[in-house]
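Peer 1: The structure's right below; bear with me while I get my questions together.
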Amino acid sequence: MSPTVLPPTTLSSGPGPGPSAASARLPLRERLAAQVQRRGALAVLVLVAAIASATSATFPTWSNVSSILGNNAFVWLLALGMTFVIITGGIDLSVGSLYALGGVLGAYGAQTGGTWLAILLPLAVGAGWGTVQGLLIARAGMAPFIVTLAGLLGARGLLQAVTHEGATTYLVPAGSWFRNLGAGVWTPVILVGVLFALGGLLLTRSRFGATLTALGGNENAALLMGLPVARAKVLVYLLSGTLAAGAGALGSARLGSGVTTIGVGYELTAIAAVVIGGTLLTGGSGSIGGTVSGVLLLAVIHNLIDHYFSQYGSAFTDAVNGAFLALVVLLQTLLSRTQQLT
Amino acid sequence: MVQQDPGPAPDSVLEAVGVDKSFAGVHALRGVDFALRPGEVHALIGENGAGKSTLIKVVTGVYRPDAGRVRLAGADREFRNPLEAQAAGISTIYQEVNLVPLMSVARNLYLGREPRRLGLVDVGRMNRQAAQELRRFGVDTDVTRPLRTLGLGAQQMVALARAVQVDAKVVIMDEPTSSLEPREVDTLFEVIWGLKAQGIAVVYVSHRLDELYAVCDRVTVMRDGAVVHTGEIAGLERLRLISLMLGREMSAVREKGATAFEADRSAGAGGRPALRATDLSLRHRLHRVSLEIRPGEVVGLGGLLGAGRSETAKAITGALATDSGTVEVDGTRLQHRSPAAAMRAGVVMLAEDRKAEGIIPNLSVRENIVLAALPRLSRAGLVDRRRQDEVVRLFMDRLRIKAAGPDQKVSDLSGGNQQKVLLARWLCLQPKVLLLDEPTRGIDVGAKAEVQALINELAEDGLGVLLISSELEELIEGSDRVVVLKDGRVVGELEGDGVTEDALLGALAQDADARDADTRDTDTQDTDAKDQDKEPTP
């Protein structure tokens, strides 16, 4: 309650409250759309999990939940790296192949040199691979789609060479400490959880993260603001490659061997999770929290489909996944339009 | 950063000496000398293509000069990129707001130099500082909002705040007012005077002569890549300035007036209006706006920014859905309201934002022209190339579009020629009514005159034209009649000899006074009522 009545406008007294102040709040519809964009995946995840828990006797059991978490956690690291890449407006199709390559190199390292080699070799190769891709994209100005598609094929090729076209299988020795990294449920979940948390911090609270978001939102502006755009681009592919190969190595620690046929199409699942999590495929906006919701939602749905439709086979799972993704992209387009992002 | 001692300061804080720059054979800068004194506001003007932008890009490190030097505070410098120039104290605000729309206002303000604690961005402090900083620039808003949700003017202010905030010795402003409202322009001027007081030099690029005289100390005029004049702006006659820019004789400019409209063009004959809009209303934006356009008549739409001029034009074409109101073309009421229906009836609109709403930059001149007319130029779904060529040639000649040929990419053309291409696109539909929203904005003086002359010719040929322009002289000299809008209402109409700048300002001002009086009355009553309410309280 303020008893004084001021004249509505004071024109002469310098910069008063103008239109910028008058529109301090966005229309409700736009604010709602922004919320759905940001937390939609989480809401759907909660909803799906609640319904599944209520209707299925097996879904809410610890053995089921732990199998969802333990078996998938490492693959989610691909989505973590992909989130950064997509926020810059790029794409990294090589991560599925790098995941497999990392697995084989991890097993090879464990077999020939022990735990340190098993960890460092895949990380080094992934980082190198990512750096080359990043340099081609940032310095040579090539399209990320083409460069990383070449990376996808190249990493598969290297994998075939290392394993003599699948004839040689590298095994992680039974007593190797390396196996501990992938064992059980808690180790993978904590490892991956910590990396996601660090990723979130990097994105929201570091200058690097701000640069990535800025360059995805308006690359020209980022350049003119003097942000280190090219370096950020290289680093983002380096990060994605390292995470993919590292995830593969951890996967091999869990499986006990380097599986050559693994990882096909994982890049697409990662992209799907990122997009479902509310990150704009055109770049400039996104969150790690959203990607967490995205990967969990996909995993839960996958689990439910396996459970209810297993008699139809895995092809059916892929079809449902695809339909779901199409739905999400449609929804995102509508949300973007409501917020007048485009 | 070394603090300059005010005493033995060098004559020039920023200097370009004999700068040459060519692009693929085009000589963009020829031996340009440019000197900026500390604490001065220096206007840099010239037609499009005169080399202003290239010069700015050379001194800010976007381009490297082929020959010549850039000196900052008396020392030779070679900036390899804008970051280096910025670090050395040269900040630039570009004409199109170069910020990141999806990121928050505070983020945009501090990108690249966020306050940090323990290596992490201190978001709380950043937001507090940003809010404080922006209030000085007349922007009072929630700084965590995405930048895109701010008006263009406020965005420009954020860009300005950003540029000034770095430890700048020189601030370069490239057409900073093109998206500002008058009130915001005043704020900008205050900021500029503040910079001046701190000894910071400002390079001010603008097409608006009023602003130059209001805020600048000296002026450098460029033409065809060379400097043709440098000196004090006070005492320099406007006509002389224009003739320097155009390279024409002063007498010729004086004779023809500041715009290319002919003063004595006979107004459209009476008879049935080509277009009649009645009682167009849209909540909060338009209130019972009515107007008529007769064939051969140019009707100006006057008013300040936000008065509802563009909205009126868009409502007429149906691009903006109205709550009520009707539109008649040639006496026939339009049943379905959409741009396509209006187009079929013969009403076309040249939108204000050329880049976003008109030109398709990667297509050729030919394709851009015939785009809207494709259905007419096709037989059985196939495009008739021969007829297409005829139409394109006709309009390229008639509108004097300067292009290497019909197959040149439109993005290679100058702004003025792009505008003509758009005009050609609509004219080849043979419209009855042409709605022009700021047809000469952002194009250089020469092209402007040509577009103005074209509007004249088109009206002579019997076309009804609605002209929206924020340039008073263009509106006054170009229109046979001016309908004055304020806050979405028609508040006056000027006709014949009554179309003068004074009359237009009068129409706007009169209404404002009346409104103020009204408001004051209500306020007094409110206050009285409140006082009475309070009295019985023990």
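The listed protein sequences correspond, in order, to chains D and G.
In terms of our numbering, the first sequence opens at residue 1 and continues consecutively.
In terms of our numbering, the second sequence opens at residue 343 and continues consecutively.
No residue lacks a Cβ here, since even glycine has one placed at the ideal position from N, Cα and C.
None of these values were measured; they are calculated from a predicted model.
Report the neighbours of residue 527(G) on chain D: residues whose CB is nearer than 9 Å to its CB, in chain order.
Peer 2: Those do not exist, as residue 527(G) stays about 11 Å from chain D at its closest Cβ, beyond 9 Å.
Peer 1: Go ahead and pull the three-state DSSP assignment for residue 166(D).
Peer 2: Residue 166(D) falls in the coil class under three-state DSSP.
Peer 1: Would DSSP call residue 705(G) helix, strand or coil?
Peer 2: Residue state, collapsed to three classes: coil.
Peer 1: Residue 267(D) lies in the alpha helix (DSSP H); which residues open and close that run?
Peer 2: Its alpha helix (DSSP H) spans residues 266-276.
Peer 1: Answer with yes or no whether the minimum CB distance from residue 214(D) to chain G is below 8 Å.
Peer 2: Yes, contact with chain G.
Peer 1: For a contact defined as C-beta to C-beta under 8 Å, what are the partners of residue 440(G) on chain D?
Peer 2: Neighbours of residue 440(G) on chain D, chain order: 218, 220, 221, 224 and 225.
Peer 1: What's the call for residue 384(G), buried or exposed, on a 16-neighbour Cβ count within 10 Å?
Peer 2: With 16 or more other Cβ atoms within 10 Å, it is buried.
Peer 1: Closer than 9 Å by beta-carbon distance: list the chain D residues that pair up with residue 653(G), in chain order.
Peer 2: Per Cβ cutoff of 9 Å: no residues; residue 653(G) is ~15 Å from chain D at best.
Peer 1: Check each residue of the stretch 436-461 of chain G: if its Cβ is closer than 7 Å to any Cβ of chain D, include it; give the result in chain order.
Peer 2: Cβ contacts with chain D come from 436, 440, 441, 442, 443, 444, 445, 449, 453, 454 and 456.
Peer 1: Can you tell me whether residue 605(G) is buried or exposed, with buried defined as 16 or more other CB within 10 angstroms of its CB?
Peer 2: Because the pLDDT at residue 605(G) is just 48, under 50, the model does not fix this residue reliably, and the value given afterwards should be weighed accordingly. That one is exposed.
Peer 1: Which residues share a DSSP beta bridge with residue 488(G)?
Peer 2: Note: residue 488(G) sits in a beta bridge opposite 446(G).
Peer 1: Starting from residue 206(D), find everything on chain G with Cβ-Cβ shorter than 8 Å and list it in chain order.
Peer 2: Per Cβ cutoff of 8 Å: 461, 462 and 463.
Peer 1: Please report the straight-line C-alpha distance between residue 564(G) and residue 650(G), rounded to a whole angstrom.
Peer 2: Each residue's Cα considered, the two are about 36 Å apart.
Peer 1: Apart from the five residues on each side of it in sequence, which residues of its chain come closer than 7 Å, Cβ to Cβ, to residue 264(D)?
Peer 2: Answer for residue 264(D): 96, listed in chain order.
Peer 1: What three-state label does DSSP hand residue 23(D) in the structure shown?
Peer 2: The predicted position of residue 23(D) is uncertain, since its pLDDT is 42 and thus under 50; no value can be drawn from it.
Peer 1: So which of 229(D), 201(D) and 200(D) has the shortest CA-CA distance to residue 214(D)?
Peer 2: Among 229(D), 201(D) and 200(D), the Cα nearest to that of residue 214(D) is on 229(D).
Peer 1: Would you mind sorting residue 475(G) into buried or exposed? The rule is 16 or more other CB atoms within 10 Å of its CB.
Peer 2: Buried, since its Cβ has 16 or more Cβ neighbours within 10 Å.
Peer 1: Where does the unbroken beta strand (DSSP E) through residue 418(G) begin, and where does it stop?
Peer 2: Per DSSP, residue 418(G) belongs to the beta strand (DSSP E) from 417-419.
Peer 1: Does the stretch 126-140 of chain D come within contact of the stretch 255-262 of chain D, defined as at least 3 CB pairs closer than 8 Å?
Peer 2: No: fewer than three Cβ pairs fall under 8 Å.
Peer 1: If I'm right that residue 399(G) touches residue 386(G) with Cβ under 8 Å, what's the distance once you round it to whole angstroms?
Peer 2: Contact doesn't hold; Cβ gap of about 12 Å is too wide.
Peer 1: Who are the neighbours of residue 425(G) on chain D, taking C-beta pairs under 7 Å?
Peer 2: In chain order: 226.
Peer 1: For the 8 Å Cβ check, are there 3 or more pairs between the stretch 465-474 of chain G and the stretch 537-547 of chain G?
Peer 2: They do not touch, by the three-pair rule.
Peer 1: Which residue marks the beginning of the beta strand (DSSP E) containing residue 779(G), and which one marks its end?
Peer 2: Per DSSP, residue 779(G) belongs to the beta strand (DSSP E) from 775-779.
Peer 1: So residue 285(D) contacts chain G; which residues on that side make the cut at Cβ distance below 7 Å?
Peer 2: 444, listed in chain order.
Peer 1: Do you know whose CA, among 456(G), 421(G) and 566(G), lies nearest residue 370(G)'s CA?
Peer 2: Measuring from the Cα of residue 370(G), the nearest candidate turns out to be 566(G).
Peer 1: Name the one or two DSSP bridge partners that residue 807(G) has.
Peer 2: Per DSSP, 640(G) and 776(G).
Peer 1: Check the Cβ of residue 201(D) against every Cβ in chain G and list those closer than 8 Å, keeping chain order.
Peer 2: Going along chain G in sequence order, the residues near residue 201(D) (Cβ under 8 Å) are 462.
Peer 1: Report the neighbours of residue 760(G) on chain D: residues whose CB is nearer than 9 Å to its CB, in chain order.
Peer 2: Ordered by position in chain D, no residue passes the 9 Å Cβ test against residue 760(G), which lies about 20 Å from the chain.
Peer 1: Is the beta carbon of residue 540(G) within less than 7 Å of some heavy atom of the ligand SAH?
Peer 2: Summarising the ligand content, the structure contains no ligands, and the ligand SAH is consequently not present.
Peer 1: Indicate the three-state DSSP secondary structure (helix, strand or coil) for residue 627(G) in the structure shown.
Peer 2: Three-state result, residue 627(G): coil.
Peer 1: Once the 5 residues before and after residue 433(G) are set aside, which same chain residues still bring their CB inside 6 Å of it?
Peer 2: The residues are 505, 508, 510 and 513.
Peer 1: Under a Cβ-count criterion, where at least 16 other Cβ atoms within 10 Å of its own Cβ denotes burial, should residue 143(D) be classed as buried or exposed?
Peer 2: Per the 10 Å Cβ criterion, exposed.
Peer 1: Indicate whether residue 661(G) and residue 676(G) have their beta-carbon atoms separated by less than 8 Å.
Peer 2: Their beta carbons are not under 8 Å apart, which means residue 661(G) does not touch residue 676(G) by this criterion.
Peer 1: Consult DSSP for residue 66(D) and reduce its assignment to one of helix, strand or coil.
Peer 2: Residue 66(D) falls in the helix class under three-state DSSP.
Peer 1: Evaluate residue 186(D) with the Cβ neighbour count: other Cβ atoms within 10 Å of its Cβ, from every protein chain shown; 16 or more gives buried, anything less gives exposed.
Peer 2: With fewer than 16 Cβ atoms within 10 Å of its Cβ, residue 186(D) is classed as exposed.
Peer 1: Alpha carbon to alpha carbon, how far is residue 620(G) from residue 669(G)? Give it in angstroms, no decimals.
Peer 2: Cα to Cα, residue 669(G) sits roughly 6 Å from residue 620(G).
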